[in-house]
Every structure is written in C-alpha cells, then in structure tokens.
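In my numbering, the protein residues as written are 2 to 272.
Below, the structure written as structure tokens:
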C-alpha cells in the first residue's frame, strides 16, 4: 500500500526541502519505489537540491492542467533508478494547484506502483501547504531548536489534526513525526538553543531524528545531491538513522549530547 508522506514546517528556512530530498533518497536506497513532489509553486527549489534542474521540461502544474502527462513530467533520479522527481512550476501562481488535480496525480502515482510519495510542502499555511497536508498518511514536522520555529510547528500540527483528509473523514489520524534540524549540542549546553527534551515537551510527538548543524548540508546543496549521499558525514548518518526509524527499526538517538573537549584537545587546537 502506498504511503503519502508530507514534509512540512510552520517556518521557512528550517531545512525542509533538504530533508525531503534526503528522505526520499533514503527510502529509494532501501529499495522502495519512491516519488517526491515539489508543492512550492513559484519557487521550485527541490530540483536544484536533487541535481535535476536542467532536465525539467514539464512540471506539477502542467500535469494538473492537462498540458503534459505524468510520465512526461516525472524525472528519474540520476543516482537511484527507483526514485522520481515531480518538480514545481517556477512561473505559475500558487493557486494553480487544486485539490482535485492533486488527488488525481497522487492516485496516478499509486497506480504506477510507487510505495512512497513524499510531498515537499511550502512553509506555513498557504494553499500549496494545505493541499500537501490534506492527503497525508504520515507527516514529518521539521523544526529548528528555537522558540519561533517550534511555535509555528505547533500550528501545523493543529492543521494536520483538523484539516487533513483523515481528520475530515474520521479515519485514523495522520502519523506525526518530529525531525529536529540544525541541532548544535554545544549551543544547547550554553543555553543558546532549546534542547531535544524542550522541543519534545512542547510538541509532544514522536521524535524521528536529530540532524546536526553542519556545513556539509550547504556543500550537498551546492553539488546538487541530497545530503544523505555524503558518505562518512554526521548529516548522512543522521538521515540514514531517520529512514531506519521510520521503517520501524530501532536506532539510538545520536548527535544530541555535548562532550567537552579534553585538556590535550584544547591545548593542541581542538574546538
């Protein structure tokens, strides 16, 4: 059975599209036929991070409006044969998405045998975000460890619990997962960031993973590859752990504790 996963946040700039890219790639790396859809009409950043921006001919809106077929618009990932990207339009208005059109595309992807459909939602509660959230089975709520980001995520949880298709039909609620990004244990210890426990206490949803603050995320974006492909980095390891937990495997939570550098490390240039 196909699972529709929305990657969402209340605030922009928290690493949501970075997460969408690594999450869909991670599922495909585990052998699952996966599609990822960019719902951010007018901006279109997902194809840049996925490294397929020069291969975009048709987009999500073209398919919804009958200007292209789904097969024409889907782009196969360069590194993973079982991963496909459906890019957003850069020139259309956000109102170009309709609930009926989105549902038709999702049903077509299901008929094509996709096991997971990852929806990269715009931040906030605009129409694209509401369409992405409406059809979700699972939601990855991406937040940074700061008060404003967590507060806005709480608002998104309210929308998921009241305005999703599952809520409207009285079905089993959307499964909600917390993904904490740009986490820096040293800054947490200094009182400059909320701790994992602080965020969990506020949002009260299952913690799926903690992604450490790292320059590798920017390097990956500039190279046009999802961060999960960066071998031997903390970020890639963290996203791999996220995939394992999402698929029901047990993984210890890493990258959350700050270890003070020892004397020798401080004397000889350690941070």
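Backbone N, C-alpha and C fix where the C-beta goes; we use that ideal spot for every residue, glycine too.
Source: prediction; values computed, not measured.
(message) Comparing C-alpha positions only, which one of 102, 165 and 203 sits nearest to residue 69?
(response) 102
(request) Would you mind sorting residue 79 into buried or exposed? The rule is 16 or more other CB atoms within 10 Å of its CB. (result) exposed
(message) Does chain D have any CB closer than 8 Å to the CB of residue 245?
(response) Any reference to chain D falls outside this structure, which holds one protein chain only.
(request) With DSSP as the reference, please indicate the residues paired to residue 177 in a beta bridge. (result) 140
(message) What ranges does the alpha helix (DSSP H) occupy inside the segment 82-163, keeping only unbroken runs of at least 4 residues that lie completely in it?
(response) 100-112 and 128-135
(message) Measuring alpha carbon to alpha carbon, tell me which residue in 126, 217 and 5 is nearest residue 109.
(response) 5
(request) Check whether the Cβ atoms of residue 151 and residue 204 lie closer than 8 Å to each other. (result) Contact flag set, yes.
(request) Express the C-alpha separation of residue 159 and residue 202 in angstroms, rounding to a whole number. (result) Taking the straight line joining both Cα atoms gives about 16 Å.
(request) Report the option in 231, 140, 230 and 233 whose CA atom is closest to the CA atom of residue 206. (result) It is 140.
(message) If the criterion is Cβ atoms closer than 8 Å, does the pair residue 175 and residue 161 meet it?
(response) yes
(request) Measure the CB-CB distance between residue 229 and residue 27 and report whether it falls below 8 Å. (result) yes
(message) With a threshold of 8 Å, are at least 3 pairs of Cβ atoms found where one atom belongs to the segment 129-136 and the other to the segment 186-201?
(response) no
(request) Give the straight-line distance between the Cα atoms of residue 111 and residue 30, rounded to the nearest whole angstrom. (result) 19 Å
(request) Could you spell out the range, first to last residue, of the alpha helix (DSSP H) harbouring residue 58? (result) Per DSSP, residue 58 lies in no alpha helix (DSSP H) and is assigned neither H nor E.
(message) Distance check for residue 208 and residue 100, CA to CA, integer angstroms please.
(response) 30 Å
(request) Take residue 12 and list the residues in its own chain whose beta-carbon comes closer than 7 Å to its own, dropping the five residues that flank it on each side. (result) 124, 149, 150 and 153
(request) Examine the ligand HEM and report whether any of its heavy atoms sits within less than 7 Å of the Cβ of residue 206. (result) Ligands displayed in this structure: none; no statement on the ligand HEM is therefore possible.
(request) Alpha carbon to alpha carbon, how far is residue 257 from residue 96? Give it in angstroms, no decimals. (result) Their backbone Cα atoms lie some 40 Å apart in a straight line.
(message) Between residue 49 and residue 86, how many whole angstroms is the CB-CB distance? I'm expecting something under 8 Å.
(response) Going by Cβ atoms, the distance from residue 49 to residue 86 rounds to 11 Å, so no, they are not a contact pair.
(message) If distances are taken between C-alpha atoms only, which option among 106, 210, 225 and 227 comes closest to residue 254?
(response) 210
(message) Residues in the same chain with beta-carbon distance under 6 Å from residue 285, minus the five sequence neighbours each way, listed in chain order, please.
(response) For the chain, the structure presents residues 2 to 272; residue 285 sits outside this window and is missing.
(message) Measuring only the C-alpha atoms, how far is residue 51 from residue 217?
(response) 15 Å
(request) Check residue 233 in the structure and name its three-state DSSP category. (result) coil
(message) If I follow the unbroken alpha helix (DSSP H) through residue 197, where does it start and stop?
(response) 197-204
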